[in-house]
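Peer 1: Would you mind keeping the following structure in view while I ask a few things?
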């Protein structure tokens, strides 16, 4: 490999895309095309970067399998950053296998990191953990070690293991500073903010307060009965009851939890759960039916008893009842949680990440645009959506994926 290609590669590894382009901008041989593609990606021109990498991959000969595999890995990273979650994961897996076969362990590890990041985006935490467990970061260069620790921290935060996340982020910061790449250092700092900003609201005995992730972790380990509006479950230390597919029952449980240890008048339950402005006998009959269903659903953790005015919730094993609410009370909070990473998303990518239908996501986006919370750009299949992060709030609890004991 000639000296200009080597120098350009070193510049890219150090996070200096302009320095790399100075050396290879006028060359059209396959290695130069690949390096130009990576440089354009670092500069944010993903369309041009993708085209250059595809040209380089086609130009490499049959004996240059490793070079072609590296192009595929770079293209996969562009797809991930531009939130093209429909990009073929099998192509990345095949490229990683090729790199491992030829002893390119650093780039093979990078491919594995990309796989883990994609799995995190779509909430498949168990698969992400299994994939990450196959890597030993010790022999990797600093930048790769930082990427590994960021993945560890990402899984830990979604699992609500804040001590593990803190330790991983500390290691990631040391590795990033050792690598000396400003963008990587900024990524670690951004991830660290999640642990120090409000993640949820606690509603108990008529009062509210904001919680950090560590506070949420402690709450779920406590002896309280938690009505969890982030995952639509009711849980104590022994049992988790999912009401994710039963929104009316969860609405009733949430109102009863907010009022504990008092009761809730029937009119309030009708207004909150059924949005009934003027209750008639049919509404009251439906309330009796739904309360009966809630009793059966919660029988392992609590009882729902009738009072003179309405109904009350009484835990079986817990000392108190609290409601864990979203940090921002928004109907389409899950969509906003994904968009809050500052990247541009297609509606199809949002549907994949949320496990929802494309039409459901499209309706949510239309409503968010009308409310001025999301901005679209582009047209037809190139249309993308983005929004700035909600100031002062982390969105970890709104992202796909189970919490402990789910």
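Numbering (the working numbering), first residue to last: 13 to 418. The beta-carbon is built from N, C-alpha and C at its ideal position, and this holds for glycine as well. Fair warning: this is a prediction, and the values are worked out from it, not measured in the lab.
1. One question on the structure: do residue 241 and residue 335 come within less than 8 angstroms of each other, judged by their Cβ atoms?
2. Beta strand (DSSP E) containing residue 117: first to last residue?
3. To the nearest angstrom, how far is the alpha carbon of residue 86 from that of residue 139?
4. State the CB to CB distance for the pair residue 61 and residue 32, rounded to an integer number of angstroms; the pair is presumed to be in contact (CB under 8 angstroms).
5. Quick check on residue 227: does DSSP put it in helix, strand or coil?
6. Could you check whether the segment 337-352 touches the segment 277-284, counting it as contact only if at least three pairs of C-beta atoms, one from each stretch, sit closer than 8 angstroms?
7. Taking C-beta to C-beta, are residue 155 and residue 197 nearer than 8 angstroms?
8. Assign residue 389 to one of three DSSP states: helix, strand, or coil.
9. Looking only at C-alpha atoms, which of 340, 26, 309, 333 sits nearest to residue 248?
10. Which full runs of the alpha helix (DSSP H) of 4+ residues lie inside the segment 139-207, going along the chain?
11. Counting only runs that start and end within the segment 39-69, where is the alpha helix (DSSP H) found for 4 or more residues in a row?
12. In the DSSP output, what is residue 210 paired with across the bridge?
13. Compare the C-alpha of residue 136 against each of 364, 348, 17, 79 and name the closest.
14. So if DSSP puts residue 240 in a beta bridge, which residue, or which two residues, is it bridged to?
15. Between the alpha carbons of residue 37 and residue 110, how many angstroms are there, rounded?
16. Terminal residues of the continuous beta strand (DSSP E) containing residue 318?
17. Rounded to whole angstroms, what's the CA-CA distance from residue 346 to residue 255? Just pull it up for me.
18. In whole angstroms, what separates the C-alpha of residue 15 from that of residue 22?
19. So, at 7 angstroms on beta carbons, what are the nonlocal neighbours of residue 390 in its own chain, with the 5 sequence-adjacent residues on each side left out?
20. Put residue 326 into one of helix, strand or coil per three-state DSSP.
21. Using 8 angstroms for Cβ pairs, my map puts residue 310 next to residue 263. What's the rounded Cβ distance?
22. Please classify residue 356: does DSSP put it in a helix, a strand, or coil?
23. To the nearest angstrom, report how far apart residue 48 and residue 66 are at their CA atoms.
24. On the three-state DSSP scale, how would you describe residue 100?
25. Going by Cα to Cα distance, which pick from 373, 274, 125 is closest to residue 144?
26. What residue from 73, 29, 43 has the CA that sits closest to residue 55's CA?
27. Quick one: what does DSSP say residue 270 is sitting in, helix, strand or coil?
28. Tell me the DSSP bridge mates of residue 364?
29. If you draw a straight line from the alpha carbon of residue 324 to that of residue 313, how long is it in whole angstroms?
Peer 2: With the structure as the only source:
1. It is a contact, given that the beta carbons lie within the stated cut-off.
2. No beta strand (DSSP E) contains residue 117, which is instead part of the alpha helix (DSSP H) from 117-133.
3. C-alpha of residue 86 to C-alpha of residue 139: approximately 22 angstroms in a straight line.
4. Actually they are not in contact, since the Cβ atoms of residue 61 and residue 32 sit about 12 angstroms apart, beyond 8 angstroms.
5. If DSSP states are grouped into helix, strand and coil, residue 227 belongs with the helices.
6. These segments do not touch.
7. No, the pair does not count as a contact, with Cβ atoms beyond the cut-off.
8. DSSP places residue 389 in strand when its eight states are reduced to three.
9. Residue 248 has its Cα closest to that of 333, out of 340, 26, 309, 333.
10. Counting only runs of 4 or more residues that sit fully inside the segment 139-207, the alpha helix (DSSP H) segments are 154-170, 174-191, 194-205, in chain order.
11. Inside the segment 39-69, DSSP marks whole alpha helix (DSSP H) runs of 4 or more residues at positions 42-54, from first to last along the chain.
12. Per DSSP, none; premise fails for residue 210.
13. Residue 364 is the option with its Cα nearest to residue 136.
14. Answer by DSSP bridge pairing, in chain order: 245, 336.
15. Rounded to whole angstroms, residue 37 to residue 110 spans 28 angstroms at the Cα level.
16. Annotation for residue 318: the continuous beta strand (DSSP E) segment containing it runs 314-318.
17. The alpha-carbon atoms of residue 346 and residue 255 are separated by roughly 17 angstroms.
18. Straight-line Cα distance between these residues: approximately 11 angstroms.
19. Cβ neighbours of residue 390 beyond the five flanking positions: 396.
20. Looking at residue 326 - three-state DSSP - the assignment turns out to be strand.
21. The distance from the Cβ of residue 310 to that of residue 263 is about 14 angstroms, inconsistent with a contact at the 8 angstroms cut-off.
22. Of the three classes helix, strand and coil, the one that applies to residue 356 here is coil, per DSSP.
23. If you take the alpha carbons of residue 48 and residue 66, they lie about 12 angstroms apart.
24. DSSP, read as helix, strand or coil, puts residue 100 in coil.
25. Restricting attention to 373, 274, 125, the CA atom closest to the CA of residue 144 is found in 125.
26. By alpha-carbon distance to residue 55, the top candidate from 73, 29, 43 is 29.
27. Shown here, residue 270 sits in a helix according to DSSP, grouped into three states.
28. Answer is none; residue 364 lacks a bridge partner.
29. Approximately 14 angstroms between the Cα atoms of the pair.
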